[in-house]
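Scroll down for the structure; my scribbles are underneath it.
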Amino acid sequence: MILRLATQSLLARALTVSMTVLAIALSVALYLGVEKLRTSARASFADTIAGTDLIVGARSGSVQLLLYSVFRIGNATNNVTWESYRDIAARPEVDWIVPISLGDSHRQFRVMGTTPAFFEHYKYRGGRSLDIGDGHGLDDLYDAVIGADVAATLDYTVGDPIVVSHGLASFTSHDDQPFRVAGIIAKTGTPIDRTVIVSLEAIEAIHVDWQGGAKSGQTTPVEVIRDMDLEPAAITAALVGVQSRLQIFGLQRWINQYPEEPLLAILPGVALQELWQIVGVAETALIGVSAMVVVTALVGMMAMIFASLNERRREMAIWRAMGARPSTILALLVIEAMLMAAVGAALGLGLLYIGLIVGQPWVDAAFGIWLPIEPPTLRDLWVLGIVIGAAALASLLPAIRAYRLSLADGMMVRI
Amino acid sequence: MKTMSLALLASVAAAPLLAQETREIGAHVHGVSTLELAVEDGILDINLTSPGMDIVGFEYAASTDADKDAVEAAIRQMLTPENIVALPEAAGCRVTEVLVHLHGGEGHHDHAHEEEHDHEGHDHEEHEEGKDHEAESEHSAFHARYVFDCDHTDALTMIGFPFFAQFENAQEIEAEFVTDAGAGAAEFDRDTPELSLN
C-alpha cells in the first residue's frame, strides 16, 4: 500500500525525481567504474608475466627492473655481461633461462632481442603461451616476429620488410640490414603486443659495423655477417625458471651476492606487489573521490526531499485526515528515498555496462588494460546495498521533519 | 735483473687481482626481520633472518658469559619451531629440519643443527661458508631455517608468528613467499603477527 503510494508520489514529481535519480546513477556508475578500472589494471599488470620465477638484471631497484624488462617502461641502468649470464645459466637450480636485449626501436615500438626459447617459456594470463597466429617464429637471422598492435598500427603482414632504428628516438637506422616479418603474435593484452621480437644474434649483427656508438664507414656484407660468431657481449635482462620453487630464494641470494658483477634478481610477483604499494595511495585517493561523489548525490537527494516538504504539506495533511498515522508519513518518505536510490543504483549499473561495452576496445588499445565484462561482483552488490541504505539514512532527517510537521499541522495548514 | 723483472711481473699480475676486490654491505635495520617462505609438493621451507639486536639486544661478538648465555638461550628458543611459527592444524605439517645459526658479529659464528627425519629427494640449500657471511659486518644476525613436510599445503592460508612474543625487540617481519598461487610479499608487525598466504 505504502509502496504503491510512494511510487505514485514519485511519478507525480517525475522531473525533479528523475534529476535526483540521474545524479545518483551517475555517481554510482563513476564509483563502480573506478573500482572496475582499478581491479582490471591490477589484473592486467599481474597477468603480464607468469611462469617466470626470477628476473635478472643489473642491480637497481626491483620495481625498475620489472618495469623495463617486462613492461618496457623506462630503461636499464646497466647491462648484464654475457659471462655473468652464462654463470647463472650454469647453476644447477636453473631450469631454463631466456636472455632479452632491449635498446633499439622500430617506429614507436621497442625491439627486443631474445632466443627462440622465449616463445616457449614466456607465459601470460595464468600460464598461456604466446600464439604466433600468422607465420612462424625466429628461424632466420633476419626474421622478426611482431606483436598484434605493431601489425595493426603499421599495417604489416607476414613477409613485409622492416628496418630497425638505432636507439629509441634516433635518426640513424640499420637500413643496411633489413628484417622480414616472419610472424605475427595473436593479441595478448600485454606489452608483447607492442614489441618487435628479433633474435639476440640479429641485435648483434646489426651492430657489427658500429663502433663507439656510431656507425663506421664500412659496411660488412650480409653474407660475411651470417658467418660471423654473433655471441653478444651483454644483454639487458634474463628471465629465469627454477627447477624447484624451494630453490628460488637460494638462487636469488646467489645472484644478488654474485661478486663479479652487481646483479639483481627479483621475483616478479613480489616486485608487482611493491609496485602496487606505491600505486595504492593514488588508488585509495581515486576511490575516496568517487565515494565523495556518491555522498554528494545523496546529499542532493536529501536537499530535494527537504525542498519538496513545503509543497507537500497539504498532501500530508490530507493523508493524516484520511487516517494515516504520522509514522506512515515517515515511512512513506524513507521508502521514496530508497526507491530513488534503488532505481539510481540500477541505472548506474546499467550505465557502467554501457560504458564498458563502448569503452572496452578503446581502453585496451590505448592503455593495454583489458576490462572484462562480467556480472557484478559481490563487492559491487554490497556497494549498491550501501548506497540504498545510506539513502534511507539520509532521508530520515527530512522524514522526521515531515513527521513533526504532520503532527503539528493536523488539518490546519497555513501556507 | 732477472729477479727484478720477475718481481715486476708479479706485481703486474697482482694488480688486477687487487682491483677485483669488491666491497659491499647489505642493509641492516633493527626491528625488521626478513622471511622467505616457499611451498612446493608438500614441503614448506621457511627462512627467517633477524638482526641480533632484536633477538639478544646486542650485535657485537658475545664476549662475557652473560652475552654467550643469551645467544645460547636464543638459539635454543629458535630451535623449537613452535616458538617461532604457528602453522594451521589442518595442514598437518611435521618438522623435518631445523637449522639455527648466528652470523656476523666480527666473524663469530654459532651453529646448531637438528635433523629429525632423514628425507630423500630434498635438496639441501648449500650454505657456502664465507659466501653467506661474506660481508662480515659488525652487525650479527640470527638465521633460522625450518623445513616441514605437510599433508595439505593448501590449508596453509594463515601462518602465525609467536616469534614476536618470544623476542620483545622484534617489531616487524618483511615476508616474501612463493606458493602454487605465485609469488607475493607482505609486511606484518607484532600487533598482527600473522602472514596470510593467497
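In order, the protein sequence lines correspond to chains G and P.
Using our numbering, you'd call the opening residue of the first sequence number 1445 and step up by one each time.
Using our numbering, you'd call the opening residue of the second sequence number -12 and step up by one each time.
Note that CB positions come from ideal geometry on N, CA and C, so glycine has one too.
Quick one: what does DSSP say residue i is sitting in, helix, strand or coil?
{"i": "Trp1763 (chain G)", "result": "helix"}
{"i": "Thr1451 (chain G)", "result": "helix"}
{"i": "Glu1718 (chain G)", "result": "helix"}
{"i": "Met145 (chain P)", "result": "strand"}
{"i": "Arg1848 (chain G)", "result": "helix"}
{"i": "Asp1575 (chain G)", "result": "coil"}
{"i": "Ala162 (chain P)", "result": "strand"}
{"i": "Tyr47 (chain P)", "result": "coil"}
{"i": "Arg1554 (chain G)", "result": "strand"}
{"i": "His12 (chain P)", "result": "For clarity, residue 12 (chain P) is Ile in the given sequence; the question names His instead. Residue state, collapsed to three classes: coil."}
{"i": "Tyr133 (chain P)", "result": "strand"}
{"i": "Ile1629 (chain G)", "result": "strand"}
{"i": "Glu1527 (chain G)", "result": "helix"}
{"i": "Glu123 (chain P)", "result": "Any reading at Glu123 (chain P) needs caution, since the residue's pLDDT is 46, under 50, leaving its predicted position unreliable; the model's value is listed next. Residue state, collapsed to three classes: coil."}
{"i": "Arg1457 (chain G)", "result": "coil"}
{"i": "Ile1590 (chain G)", "result": "strand"}
{"i": "Ile1919 (chain G)", "result": "Residue 1919 (chain G) is absent from the structure shown; chain G starts at 1445 and stops at 1859."}
{"i": "Arg177 (chain P)", "result": "coil"}
{"i": "Ile33 (chain P)", "result": "strand"}
{"i": "Gln1662 (chain G)", "result": "coil"}
{"i": "Gly1788 (chain G)", "result": "helix"}
{"i": "Leu1841 (chain G)", "result": "helix"}
{"i": "Ala172 (chain P)", "result": "strand"}
{"i": "Gln64 (chain P)", "result": "helix"}
{"i": "Ala1834 (chain G)", "result": "helix"}
{"i": "Leu1711 (chain G)", "result": "coil"}
{"i": "Leu182 (chain P)", "result": "strand"}
{"i": "Phe1623 (chain G)", "result": "strand"}
{"i": "Val1602 (chain G)", "result": "coil"}
{"i": "Glu103 (chain P)", "result": "Model confidence at Glu103 (chain P) stands at a pLDDT of 48, short of 50, so the residue's coordinates are unreliable; what they give is reported in the following sentence. Three-state result, Glu103 (chain P): coil."}
{"i": "His1565 (chain G)", "result": "helix"}
{"i": "Asp1539 (chain G)", "result": "strand"}
{"i": "Thr1597 (chain G)", "result": "helix"}
{"i": "Thr21 (chain P)", "result": "strand"}
{"i": "Tyr1581 (chain G)", "result": "Note on residue identity: the sequence assigns Gly, not Tyr, to residue 1581 (chain G). In this structure, Gly1581 (chain G) counts as coil in the three-state DSSP scheme."}
Where do the ends of the alpha helix (DSSP H) carrying residue i lie?
{"i": "Ala1768 (chain G)", "result": "Unbroken run through Ala1768 (chain G): none, as it is neither H nor E."}
{"i": "Ser1513 (chain G)", "result": "Ser1506 to Val1514"}
{"i": "Ala152 (chain P)", "result": "Phe150 to Gln153"}
{"i": "Gly1812 (chain G)", "result": "Counting along the chain, Gly1812 (chain G) falls outside any alpha helix (DSSP H), and DSSP gives it neither H nor E."}
{"i": "Gly39 (chain P)", "result": "Gly39 to Ile42"}
Output the boundary residues of the beta strand (DSSP E) element that contains residue i.
{"i": "Gly1609 (chain G)", "result": "With the sequence shown as reference, residue 1609 (chain G) is identified as Ser, and Gly is not the correct amino acid for it. Element bounds for Ser1609 (chain G): n/a, residue is neither H nor E."}
{"i": "Leu74 (chain P)", "result": "Leu74 (chain P) -> no beta strand (DSSP E), and no H or E assigned at all."}
{"i": "Asn1700 (chain G)", "result": "Counting along the chain, Asn1700 (chain G) falls outside any beta strand (DSSP E), though it belongs to the alpha helix (DSSP H) covering Ile1692 to Asn1700."}
{"i": "Val1640 (chain G)", "result": "Thr1639 to Ser1643"}
{"i": "Val1686 (chain G)", "result": "Ala1681 to Val1686"}
{"i": "Gly1495 (chain G)", "result": "No beta strand (DSSP E) holds Gly1495 (chain G); DSSP gives it neither H nor E."}
{"i": "Gly91 (chain P)", "result": "Cys80 to Gly91"}
Would you mind working out which of the options sits nearest residue i, comparing C-alpha positions?
{"i": "Val1725 (chain G)", "options": "G:Ile1628, G:Arg1482, G:Gly1577 and G:Ser1488", "result": "G:Arg1482"}
{"i": "Ala1649 (chain G)", "options": "G:Gly1581, G:Gly1518 and G:Ile1669", "result": "G:Ile1669"}
{"i": "Phe1426 (chain G)", "options": "G:Val1507, G:Phe1515 and G:Pro1676", "result": "For chain G, the structure presents residues 1445 to 1859; residue 1426 (chain G) sits outside this window and is missing."}
{"i": "Ser1861 (chain G)", "options": "G:Ala1473, G:Leu1449 and G:Thr1460", "result": "Here chain G has residues from 1445 to 1859 only, and residue 1861 (chain G) is not among them."}
{"i": "Phe1562 (chain G)", "options": "G:Arg1554, G:Gly1570, G:Val1831 and G:Asp1575", "result": "G:Asp1575"}
{"i": "Gln153 (chain P)", "options": "P:Glu46, P:Asp167, P:Ser127 and P:Ala60", "result": "P:Ala60"}
{"i": "Ile1773 (chain G)", "options": "G:Ala1786, G:Ala1785, G:Met1784 and G:Glu1759", "result": "G:Glu1759"}
{"i": "Ala1790 (chain G)", "options": "G:Ile1830, G:Met1766 and G:Gln1804", "result": "G:Ile1830"}
{"i": "His130 (chain P)", "options": "P:Val165, P:Glu163, P:Gly171 and P:Val87", "result": "P:Val87"}
{"i": "Ile1636 (chain G)", "options": "G:Ser1573, G:Ile1762 and G:Val1807", "result": "G:Ser1573"}
{"i": "Ala1467 (chain G)", "options": "G:Ala1835, G:Gly1767 and G:His1610", "result": "G:Ala1835"}
Output, in chain order, the set of chain A residues within a Cβ distance shorter than 7 Å of residue i.
{"i": "Ile1692 (chain G)", "result": "In the structure shown, chain A does not exist; the protein chains are G and P."}
Is the closest heavy atom of the ligand SAM to the C-beta of residue i under 7 Å?
{"i": "Val1640 (chain G)", "result": "Although the ligand SAM was asked about, the structure shown includes no ligands whatsoever."}
Does the region 1539 to 1556 of chain G come into contact with the region 1746 to 1754 of chain G, if we say contact requires no fewer than three beta-carbon pairs (one atom in each stretch) closer than 8 Å? With the cut-off at 8 Å, the region 1539 to 1556 of chain G and the region 1746 to 1754 of chain G do not touch.
Within 8 Å, do at least three Cβ pairs link the region 1729 to 1742 of chain G to the region 1523 to 1534 of chain G? By the Cβ test, the region 1523 to 1534 of chain G is not in contact with the region 1729 to 1742 of chain G, since fewer than three Cβ pairs between them sit closer than 8 Å.
Three or more beta-carbon pairs under 8 Å between the region 1498 to 1505 of chain G and the region 1705 to 1718 of chain G, yes or no? Verdict: yes, contact present.
Check each residue of the region 161 to 179 of chain P: if its Cβ is closer than 7 Å to any Cβ of chain G, include it; give the result in chain order. Within the region 161 to 179 of chain P, those residues whose Cβ lies closer than 7 Å to any Cβ of chain G are, in chain order, Glu163, Val165, Gly169, Ala170, Gly171 and Ala172.
Three or more C-beta pairs under 8 Å: does that hold for the region 128 to 143 of chain P against the region 63 to 79 of chain P? Yes, since at least three Cβ pairs between the region 128 to 143 of chain P and the region 63 to 79 of chain P fall closer than 8 Å, the two stretches touch.
Does the region 1820 to 1827 of chain G come close enough to the region 1716 to 1731 of chain G that 3 or more CB-CB pairs lie under 8 Å? Cβ pair count under 8 Å is below three, so no.
For the region 28 to 49 of chain P, list every residue whose C-beta sits within 7 Å of some C-beta in chain G, in sequence order. Residues passing the 7 Å Cβ filter: Ile30, Asp32 and Asn34.
Can you pull out the residues from the region 1711 to 1739 of chain G whose beta carbon lies closer than 9 Å to at least one beta carbon of chain P? Here the close residues are Leu1711, Pro1712, Gly1713, Val1714, Ala1715, Leu1716, Gln1717, Glu1718 and Gln1721.
Segment contact, 8 Å Cβ cut-off, at least three pairs: the region 20 to 38 of chain P with the region 158 to 172 of chain P: Taking 8 Å as the limit for Cβ pairs, the verdict is that the region 158 to 172 of chain P does touch the region 20 to 38 of chain P.
Touching or not, the region 1450 to 1465 of chain G and the region 1775 to 1788 of chain G, by the rule of three or more beta carbon pairs under 8 Å? Result yes; three or more Cβ-Cβ pairs closer than 8 Å.
When you check each C-beta in the region 1450 to 1478 of chain G against every C-beta of chain P, which residues fall closer than 9 Å? Per Cβ criterion, the list is empty.
Would you check if the region 1793 to 1808 of chain G and the region 1834 to 1852 of chain G touch, i.e. whether three or more CB-CB distances between them fall below 8 Å? With fewer than three CB-CB distances shorter than 8 Å, the region 1834 to 1852 of chain G does not count as touching the region 1793 to 1808 of chain G.
Segment contact flag, the region 1584 to 1599 of chain G with the region 1620 to 1627 of chain G, C-beta cutoff 8 Å, min 3 pairs: Yes, since at least three Cβ pairs between the region 1584 to 1599 of chain G and the region 1620 to 1627 of chain G fall closer than 8 Å, the two stretches touch.
Kindly confirm or deny that the region 1594 to 1612 of chain G and the region 1639 to 1646 of chain G touch, where touching means at least three C-beta pairs closer than 8 Å. Inter-segment contact for the region 1594 to 1612 of chain G and the region 1639 to 1646 of chain G is present: three or more beta-carbon pairs are separated by less than 8 Å.
Please identify, using Cβ separations under 7 Å, the residues of the region 1673 to 1691 of chain G that lie next to chain P, in order along the chain. Of all residues in the region 1673 to 1691 of chain G, Ser1688, Arg1689, Leu1690 and Gln1691 have a Cβ within less than 7 Å of some Cβ in chain P.
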